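In the working numbering, the protein residues as written are 38 to 318. Ideal Cβ placement from N, Cα and C applies to all residues, glycine included. Just so you know, these numbers come straight off a predicted model, no measurement behind them.
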């Protein structure tokens, strides 16, 4: 990703600390360009993750799923550019007050863990733009150059794209998951587990278990037990399409082909330029 002109991000949420160290070192050996690490602040071994990021000389960190004030000042004192992912204006303001360098305004179209407010990207980005003075990066439902241009029109300074690159050749996702992803139609993903931690996933046998449990009034603890450990790994990285938690965003329905990340970036950029030129005519 970084070699192709984007800012590649290593997602640490599914990694043990030493696995993250290995991936950082591999990335440093593979590119001279900038890259960052995404860190869910609710991660149980967060202190080890932060220590590894600092000791390995990572220069950019995107934090999410937690209080931005917890680690922002520490990271910035280490000379690390710090960005926090938010799903509401409230947390965008808290992030700015904590001293972040930018915020990612992520609408509920996004895959994986999501905001309880269910605010769409179309509504969230301009509200966040009006609420903070730091740069705003739009995320959620963005998989094309046209969507990137739309985000810019809403006031975003840049975009963060996840789901489209899950189907890249370089993606570490299992081939089963990639093949399922490019077959998705509108409505094949859903935001669920709202009592526990809202997450957008592909509808499958595991989702049906969750939905049935929620209908029957399952407690948070019962849902947590149903989720268990490693459910996302089982689906995305091990390829179990029925019992795994298949996290992906609504924009996946735009993706119809597995191709190199560089080709995806070029395609998005060309479409962005064409859409912009068309508006300027």
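Looking from the CA of residue 246, the closest CA among 195, 192, 203 and 263 belongs to 263. In this structure, the beta-carbon distance from residue 182 to residue 146 does not fall below 8 Å. Residue 74: member of the beta strand (DSSP E) spanning 72–77, first to last residue. From the listed residues 269, 270 and 229, the smallest Cα separation to residue 257 is found for 229.
128 is the residue among 202, 128, 148 and 150 whose C-alpha sits nearest the C-alpha of residue 162. The DSSP-derived three-state label of residue 125 is coil. In the DSSP assignment, residue 197 forms a beta bridge with 176. In summary, residue 284 is buried, with 16 or more beta-carbon neighbours lying within 10 Å of its beta-carbon over all protein chains present. Every alpha helix (DSSP H) stretch that sits fully inside the region 97–173 and reaches 4 residues is listed by chain position as 109–114, 126–135 and 158–168. In summary, residue 215 is buried, with 16 or more beta-carbon neighbours lying within 10 Å of its beta-carbon over all protein chains present. With respect to the C-alpha of residue 287, the residue from 39, 236, 252 and 243 having the closest C-alpha is 236. Among the bridge pairs identified by DSSP, residue 238 is matched with 227 and 284.
Taking C-beta atoms as the reference points, residue 141 and residue 197 count as a pair closer than 8 Å. The alpha-carbon separation between residue 41 and residue 251 amounts to approximately 43 Å. When DSSP states are grouped into helix, strand and coil, residue 87 belongs to the helix group.
Taking the Cα positions, residue 266 is about 39 Å away from residue 192. Distance between residue 201 and residue 294, taken at the CA atoms: about 10 Å. For residue 44, the secondary structure class from DSSP, reduced to helix, strand or coil, is coil.
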